[in-house]
Every structure is written in structure tokens, then in C-alpha cells.
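Trainee:
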Amino acid sequence: MSTLMFDEETARLQRALTLCHDLVVRRSAVLQALNLRTGDRVLEVGCGGGSYAYEAARFVGPDGSVSAMDISEAQVAAAREYCADLPCVDCRVADLVDLPYENGSFDVVFGSQVLEYVPCLDEALIEIHRILRPGGRLVILATNWSSLVWYSADPERMKQILTAWDEHATYPDLPAMLPARLRSAGMQPLRQIPVPIVNMSYNPAGFSYWIARMIRRYLTGRKTIAAQTVDAWLGEFDDLEKQRSYFFSSTPILTEALKIS
Numbered sequence: 000m001s002t003l004m005f006d007e008e009t010a011r012l013q014r015a016l017t018l019c020h021d022l023v024v025r026r027s028a029v030l031q032a033l034n035l036r037t038g039d040r041v042l043e044v045g046c047g048g049g050s051y052a053y054e055a056a057r058f059v060g061p062d063g064s065v066s067a068m069d070i071s072e073a074q075v076a077a078a079r080e081y082c083a084d085l086p087c088v089d090c091r092v093a094d095l096v097d098l099p100y101e102n103g104s105f106d107v108v109f110g111s112q113v114l115e116y117v118p119c120l121d122e123a124l125i126e127i128h129r130i131l132r133p134g135g136r137l138v139i140l141a142t143n144w145s146s147l148v149w150y151s152a153d154p155e156r157m158k159q160i161l162t163a164w165d166e167h168a169t170y171p172d173l174p175a176m177l178p179a180r181l182r183s184a185g186m187q188p189l190r191q192i193p194v195p196i197v198n199m200s201y202n203p204a205g206f207s208y209w210i211a212r213m214i215r216r217y218l219t220g221r222k223t224i225a226a227q228t229v230d231a232w233l234g235e236f237d238d239l240e241k242q243r244s245y246f247f248s249s250t251p252i253l254t255e256a257l258k259i260s
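With numbering that gives the first Met the number 0 as the guide, the letters of the sequence shown map in order to residues 0 to 260.
1. Quick one: what does DSSP say Gln-112 is sitting in, helix, strand or coil?
2. Straight-line CA distance for His-128 to Phe-58?
3. Assuming the contact rule is C-beta atoms closer than 8 Å, Glu-122 and Val-96 should be a hit. Round their C-beta distance to whole Å, please.
4. In this structure, does DSSP put Arg-14 in helix, strand or coil?
5. With 16 as the cutoff for other CB atoms within 10 Å, does Asn-34 come out buried or exposed?
6. Taking the alpha-carbon positions, what's the Leu-120 to Ala-175 distance?
7. Measuring alpha carbon to alpha carbon, tell me which residue in Ser-146, Val-23, Met-199 is nearest Phe-246.
8. According to the neighbour-count rule (16 or more other Cβ atoms, all chains shown, within 10 Å of its Cβ), is Glu-255 buried or exposed?
9. Measure the alpha-carbon distance for Asp-172 versus Glu-101 and round it to whole angstroms.
10. Let me know the secondary structure DSSP gives Val-194 once reduced to three states.
11. Applying the 10 Å Cβ sphere with the 16-neighbour rule, what's the burial state of Ile-192?
12. Quick check: Glu-235 and Ala-163, are their CB atoms within less than 8 Å of each other?
13. Who are the near neighbours of Val-148 in its chain, counting only those whose CB is closer than 6 Å to its CB and skipping five residues on each side?
14. Under three-state DSSP, which class holds Val-117?
15. What separation, rounded to the nearest whole angstrom, lies between the Cα atoms of Cys-46 and Ala-15?
16. Given this structure, state the Cα-to-Cα distance separating Tyr-217 from His-167, to the nearest angstrom.
17. With 16 as the cutoff for other CB atoms within 10 Å, does Leu-18 come out buried or exposed?
18. Only counting the same chain, and skipping five residues up and downstream in sequence, which positions put a Cβ closer than 8 Å to that of Leu-12?
19. Assuming Cys-247 is part of the beta strand (DSSP E), what are its boundary residues?
20. Run the CB neighbour count on Ala-78, radius 10 Å, all protein chains shown included, and call it buried at 16 or more, exposed below.
21. In the DSSP assignment, the alpha helix (DSSP H) including Pro-178 goes from what residue to what residue?
22. What residue range is occupied by the uninterrupted alpha helix (DSSP H) comprising Ser-50?
23. Would DSSP call Asp-106 helix, strand or coil?
24. My understanding is that Phe-105 touches Ile-130, with C-beta atoms under 8 Å, so please give their C-beta distance in whole angstroms.
25. Assuming the contact rule is C-beta atoms closer than 8 Å, Val-92 and Asp-69 should be a hit. Round their C-beta distance to whole Å, please.
26. Buried or exposed for Val-229, going by 16 or more other Cβ atoms inside 10 Å?
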């Protein structure tokens, strides 16, 4: 089960993440995979602050529609504000296992870094299957967190931190199990595409700069690792940057599927 708390500070860090270069590139990869067309009816699950919904609306135009849902009221409020000038976008607070939409309502459903946090994954996929039209498409982006490589002069401390971080998601390696779960829900997986992130510098333009702060907040809040250990872990990155020895990589995976029944 996910232990990540989506409070206001977490939302602030997520907004900063959204603006960094790596996530701009990742957002482009998701939109390319979606291949949206004028008039498409689209649902984004776990819409966060609304950046994906805004871009999707530009593709489908006024003849289409973009519904965006999130379990967080604060995130939905932010998404409504972000998309306020786009009347075709509808943002709602909802739960993925009980979606407030009619059967076959959507041509496309997509989500970025959301299904790994859903405790009832199979129920969520059945709901997505229900609200997709026959032949409708699903695009999911999620990270295989076990693929993460992060250089440290203290590898044991790094291992301790990353092992604790794995607990933030219900399914920290969701892409590995997703094809089997999709088939069980009546969908046909089509392909999986890596969208790798590599940072050789530690600065606010990079994904790792912000995820490090997210990890620090998560671990400090849980108190499973001493605060001084977490602070020392975070503080090392500035030193590595000065030494030009910084390295980070992770592998998000795009999974595309089709409703076949």
C-alpha cells in the first residue's frame, strides 16, 4: 500500500517537478504515445496540477473533451485553475475504483505516475476497462524504481535510503507486472517503451534534484531513518556536483493497451 502523503508541501514539490526539463521531455513522450485527434474524448486519471490535461485539450479541441480526476481535492483545485481558460476540460475529485463516468464514455484513458499508488490495482483497471469504448486505448507511464542508479561515495547509505523509498508506492515496479494485470482486466497490451532519465548534473532543471527533496520529505516524515542520515545523504549531492562526479538514472516505462472486449 502507498505510504506517500499528498499534502500541500508534496503538491509544491510536484509542481516544481512538472516544470523541470526531464518532465517536459517525459510529457512530450506521453503525448506522442497518446496520438490524440480532434474530437477525442479523453480521461486523465491522477491529473495532479493539470499540466497533462491542458496539453491534451489543445489536441482534441472544442469538439472533444478532456475529463481529469484525482483523489486529492488540492490537486483538482490546482488543475481547475490551470485549465480555467479551456471549457472542454472538466476536473473532478474521484476515486479510481469508483469512477463517476458512464460505460464506454472515453476513446482514450491515460495516467502518469499514478497506478503504482493505487492499492486496489485490479479493481482500478476493471473500472478503466468499463469506461473505455470498445477499441479504446490506455496509456500508462510508471517507473520501475528498481532500475534507479544513483552514484554515492557511501553506497550502503544510498541502499538504505532507496530501500526505504521503495515503500512509498504500492507497486514500485508496476511496469513489470502491468501487462499481466491488463490482460486479466480485458485489455490487450500493445507495447512498452522506455523513457529514460539521465542526470549528470545536480540542478533544478533535472528530475533527480526534485525527487531527492521528495524522498527527504517522505523519509523525514516517516522517521524510519535518522534525520541526520537523510540530511547527509541529500547534502552529498552538492559535493558530488562540485567534483563533477554526480550521476543519476531511472527508467520510466510507457505501457500502451487496447480494450478488446
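Each residue gets a CB set at the ideal place from its N, CA and C atoms; glycine is no exception.
Mentor: Quick look at the numbers:
1. DSSP, read as helix, strand or coil, puts Gln-112 in coil.
2. Looking at the two C-alpha atoms, the distance is approximately 23 Å.
3. Contact holds; Cβ gap of about 4 Å.
4. In the structure shown, Arg-14 sits in a helix (DSSP, three-state: H, G or I).
5. Flag for Asn-34 reads exposed.
6. Rounded to the nearest angstrom, the two C-alpha atoms are 14 Å apart.
7. Selected option, being the one with the closest Cα: Met-199.
8. So Glu-255 ends up on the buried side.
9. Their backbone Cα atoms lie some 31 Å apart in a straight line.
10. Val-194 sits in coil when the DSSP states are folded into three classes, being neither helix nor strand.
11. Around the beta carbon of Ile-192, fewer than 16 other beta carbons sit within 10 angstroms, so the residue counts as exposed.
12. Going by beta carbons, Glu-235 and Ala-163 fall outside the 8 Å limit.
13. Close CB contacts of Val-148 within its chain, under the 6 Å cut and outside five residues either way in sequence, are with Ser-248 (chain order).
14. The DSSP-derived three-state label of Val-117 is coil.
15. Approximately 15 Å between the Cα atoms of the pair.
16. Those two C-alpha atoms are separated by around 8 Å.
17. With fewer than 16 other Cβ atoms within 10 Å, it is exposed.
18. For Leu-12, where only same-chain residues beyond five positions count, the Cβ hits under 8 Å are Trp-209, Arg-212, Met-213, Arg-216.
19. A small correction: the amino acid at residue 247 is Phe; Cys does not occupy that position in the sequence shown. Residues 247 to 258.
20. By the 10 Å Cβ count, Ala-78 comes out buried.
21. Unbroken alpha helix (DSSP H) run through Pro-178: 173 to 183.
22. Looking at the DSSP string, the run of the alpha helix (DSSP H) that includes Ser-50 is 50 to 59.
23. Residue state, collapsed to three classes: strand.
24. A Cβ-Cβ distance of about 6 Å is found for the pair Phe-105 and Ile-130, placing them in contact under the 8 Å criterion.
25. With 8 Å as the limit, Val-92 and Asp-69 qualify as a contact, their Cβ atoms being about 7 Å apart.
26. The Cβ neighbour count for Val-229, taken over all protein chains shown within 10 Å, is at least 16; the residue is labelled buried.
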